[in-house]
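K.L.:
Chains as they are written, first to last, in the working numbering: chain F, 1 to 252; chain G, 253 to 652. Even glycine gets a Cβ: it sits at the ideal position worked out from N, Cα and C. Structure incoming, see below.
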């Protein structure tokens with residue numbers, strides 16, 4: 001029984017079958033990659049996991065509890081954090097303030113009316129946020145406006161914010177999309193370090209095979225909304241079905 | 253001090269000094285001169301408006317400045333507050349405490365209802381919803397609930413709600429002043445300080461409004477610096493990230509909406525305390541628009557901006573509407589005859605009844621050249637000074 005169990009999920013947009021009978025099991029404390037050509041339904045599947053979309057049929061269980069019908073913030077409070085394709089951070093706030101928000105979310109839950117306490121007196125939150133920034137090697141940038149960070153640093157901050165909540169499952173949506181090679185390698189190193197040092201399960205959607213093969217322990221290949229294969233990286237590389245999905249039928 | 257950082261405490265102190273000395277500072281010209289008639293603003297009526305609209309815009313800024321949700325219906329809460337206060341005067345008597353309490357509570361309830369509906373949408377749809385709901389409230393007050401011959405005449409329609417001798421006023425005692433009062437101190441009572449040719453008026457109503465302004469300002473600073481305030485700023489910055497960080501944005505925005513509605517209710521209640529009548533025009537959408545203009549003029553999302561914006565707007569509205577053709581002729585009498593007439597004709601549309609035009613132009617200039625409002629203007633001037641200081645070689649310590 002995996003930490004995340006997707007069973008028989010279908011999702012249809014008008015005439016388009018975006019997901020057809022998807023079954024997926026992500027084992028605890030592994031890195032599970034979901035790959036597939038454009039339009040394979042990767043992002044739709046991810047959106048079904050975080051509450052942005054609701055599947056037409058099927059079930060999505062996280063740690064034995066259904067996530068269906070729950071809102072994104074409820075699912076997050078269950079222990080699933082999501083990193084977006086383009087870094088989603090609070091651009092108007094400083095790096096430190098960015099990091100404090102997940103710390104508040106962890107401590108106070110989805111809503112708390114602390115309108116009279118001063119932020120600067122929240123010692124535990126400041127400590128937690130500083131710690132999380134140090135983990136990301138960003139403590140020296142804490143007074144910077146987060147909008148002025150580099151692309152790589154924004155990604156680093158976003159991942160750091162997700163980790164500050166100590167989620168059990170981290171979902172990454174093409175974390176290196178649009179990045180230069182150096183930034184991509186930095187991100188891979190960061191993710192490797194997270195994988196090796198934390199009790200965390202990572203599910204990653206990615207185009208870049210270099211990223212996938214350096215990180216993943218299990219790979220699911222999605223094509224036209226349906227999982228083709230689920231295998232280890234070694235067995236995926238030469239798999240005929242995978243080649244077919246990516247390159248089309250080479251020999252007729 | 254008072255749980256504030258030094259910088260914020262200084263700001264609060266500055267505003268306190270401003271409030272205390274406003275009757276003097278705003279009366280720079282000696283009594284009886286032409287300049288005094290035109291530019292002096294230190295009379296109770298106007299100063300009360302400075303303070304009360306300051307409160308209104310401070311509250312509006314908690315919603316618009318922090319969360320970015322632009323409400324186009326806040327005048328409705330102002331009006332609701334005024335009606336509630338006048339009803340207290342009619343039923344209980346002229347004591348202002350129950351009046352102000354009820355006006356805050358009533359506006360809080362109205363804003364809870366309006367906010368609950370409108371906050372289901374964001375951006376322009378939110379603005380339109382608040383506008384529509386506020387206009388509904390205006391029309392209810394103006395006609396449906398204001399028919400003097402019906403049994404549920406809540407607002408007295410066009411005439412406006414006011415206190416009559418036949419009203420119950422059950423708590424009214426013979427010694428109480430026949431005007432809104434705090435423990436017997438009439439809001440109209442004033443002391444004149446005559447210094448040389450100057451006549452300074454210290455008015456009870458103004459100082460009470462000023463006290464509430466300081467309280468409102470203090471609470472707004474606390475909210476700005478609190479975790480709640482941080483969340484509101486996060487709402488403005490990136491709602492998606494907030495949702496995916498396990499935070500429910502709806503109660504945050506609703507609380508901000510209700511708080512700003514209660515500020516508007518307090519302002520409305522105070523308006524009624526200074527002059528115990530309430531009319532539906534106070535709820536009209538143009539009044540809501542004026543609140544938006546005041547907050548943008550001052551500087552959105554800044555602490556002091558709302559006070560500056562409200563003051564600027566009320567002051568220029570007052571001056572510009574006072575200027576008429578005969579004053580213009582007097583001012584321009586040094587010009588050759590024909591030319592003088594032409595100039596007066598040219599300026600005429602911008603003053604007197606045309607004050608909207610000038611204020612509109614000023615508003616456009618601020619938006620174009622100072623998008624951060626008057627606060628940004630102040631910051632630029634401050635920077636200019638600092639740079640000059642830093643440039644002088646004798647200055648040993650460079651400033652930042």
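(1) If you run the structure through DSSP and keep just helix, strand and coil, what is residue 142 of chain F?
(2) Pairing CB atoms from the region 156–174 of chain F with CB atoms from the region 190–199 of chain F, are three or more of them under 8 Å?
(3) Should the region 518–531 of chain G be called in touch with the region 323–330 of chain G, which here means at least 3 C-beta pairs below 8 Å?
(4) Using a Cβ-Cβ cutoff of less than 6 Å, which residues in the same chain neighbour residue 441 of chain G once the five nearest sequence positions on both sides are dropped?
(5) With DSSP run on the structure shown, which of helix, strand or coil describes residue 173 of chain F?
(6) Note the first and the last residue of the continuous alpha helix (DSSP H) segment covering residue 211 of chain F.
(7) Considering only residues of the same chain and omitting the five flanking positions on each side of residue 557 of chain G, which have a CB-CB separation below 6 Å?
(8) Could you give the DSSP three-state label for residue 311 of chain G: helix, strand or coil?
(9) Given a threshold of 16 other Cβ atoms within 10 Å of its Cβ, counted over all protein chains shown, does residue 547 of chain G qualify as buried or as exposed?
(10) Assign residue 20 of chain F to one of three DSSP states: helix, strand, or coil.
(11) Near residue 566 of chain G, which residues of its chain fall below 8 Å by C-beta distance, leaving aside the five closest residues on each side in sequence?
(12) Return the residues of the region 490–518 of chain G that lie within a Cβ-Cβ distance of less than 9 Å from chain F, sorted by chain order.
(13) Quick one: is residue 316 of chain G buried, meaning 16 or more other Cβ sit within 10 Å of its Cβ, or exposed?
(14) Assess, as a yes-or-no matter, whether the region 94–104 of chain F is touched by the region 125–143 of chain F under the definition of 3 or more beta carbon pairs within less than 8 Å.
(15) Would residue 88 of chain F pass as a contact of residue 201 of chain F if the rule is Cβ separation under 7 Å?
(16) Is the region 343–356 of chain G in contact with the region 389–409 of chain G, if contact means three or more CB pairs nearer than 8 Å?
(17) In angstroms, rounded to a whole number, what distance separates the CA positions of residue 178 of chain F and residue 479 of chain G?
(18) If you check the beta carbons only, do residue 439 of chain G and residue 340 of chain G fall under 7 Å apart?
(19) Any beta-carbon of chain G closer than 7 Å to the one on residue 104 of chain F?
(20) Under 7 Å Cβ-Cβ, which residues of chain F neighbour residue 486 of chain G?
(21) When you compare only the Cα positions, how much space is there between residue 64 of chain F and residue 17 of chain F?
(22) Have a look at residue 650 of chain G and residue 634 of chain G and give me their C-alpha separation to the nearest angstrom.
(23) Buried or exposed for residue 507 of chain G, going by 16 or more other Cβ atoms inside 10 Å?
(24) State yes or no: is the beta carbon of residue 467 of chain G nearer than 7 Å to at least one beta carbon in chain A?
(25) Closer than 8 Å is the cut-off here; do at least three beta carbon pairs connect the region 276–294 of chain G with the region 586–601 of chain G?
(26) The alpha helix (DSSP H) spanning residue 135 of chain F covers which residue range?
(27) Just the C-alpha distance for residue 221 of chain F and residue 34 of chain F, rounded to the nearest angstrom, thanks.
(28) Does residue 434 of chain G come out as helix, strand or coil in the three-state DSSP assignment?
(29) Return the residues of the region 116–143 of chain F that lie within a Cβ-Cβ distance of less than 9 Å from chain G, sorted by chain order.
(30) Do residue 393 of chain G and residue 535 of chain G have their C-beta atoms closer together than 7 Å?
(31) Do we get a CB-CB distance below 7 Å when we pair residue 110 of chain F with the residues of chain G?
(32) What three-state label does DSSP hand residue 232 of chain F in the structure shown?
(33) Are any of the Cβ atoms in chain F nearer than 7 Å to that of residue 472 of chain G?
(34) Please classify residue 513 of chain G as buried or exposed, where buried requires at least 16 other C-beta atoms within 10 Å of its C-beta.
(35) Of all Cβ atoms in chain F, is any one closer than 7 Å to the Cβ of residue 558 of chain G?
(36) For chain G, check one thing: does any of its Cβ atoms lie closer than 7 Å to the Cβ of residue 77 of chain F?
P.N.:
Based on what the coordinates show:
(1) coil
(2) yes
(3) yes
(4) 456
(5) strand
(6) 209–215
(7) 550, 551, 625 and 627
(8) helix
(9) buried
(10) strand
(11) 298, 301, 302 and 305
(12) 490, 492, 493, 494, 495, 496, 497, 498, 499, 500, 501, 502, 503, 504, 507 and 511
(13) buried
(14) yes
(15) no
(16) no
(17) 34 Å
(18) no
(19) yes
(20) 90, 93 and 101
(21) 27 Å
(22) With a pLDDT of 38 at residue 650 of chain G, under the threshold of 50, the predicted position of this residue should be treated as unreliable, and no value is reported.
(23) buried
(24) In summary, chain A is missing from the structure at hand, where the protein chains are F and G.
(25) no
(26) 123–135
(27) 6 Å
(28) strand
(29) 116, 117, 118, 119, 120, 121, 122 and 125
(30) yes
(31) yes
(32) coil
(33) no
(34) buried
(35) no
(36) yes
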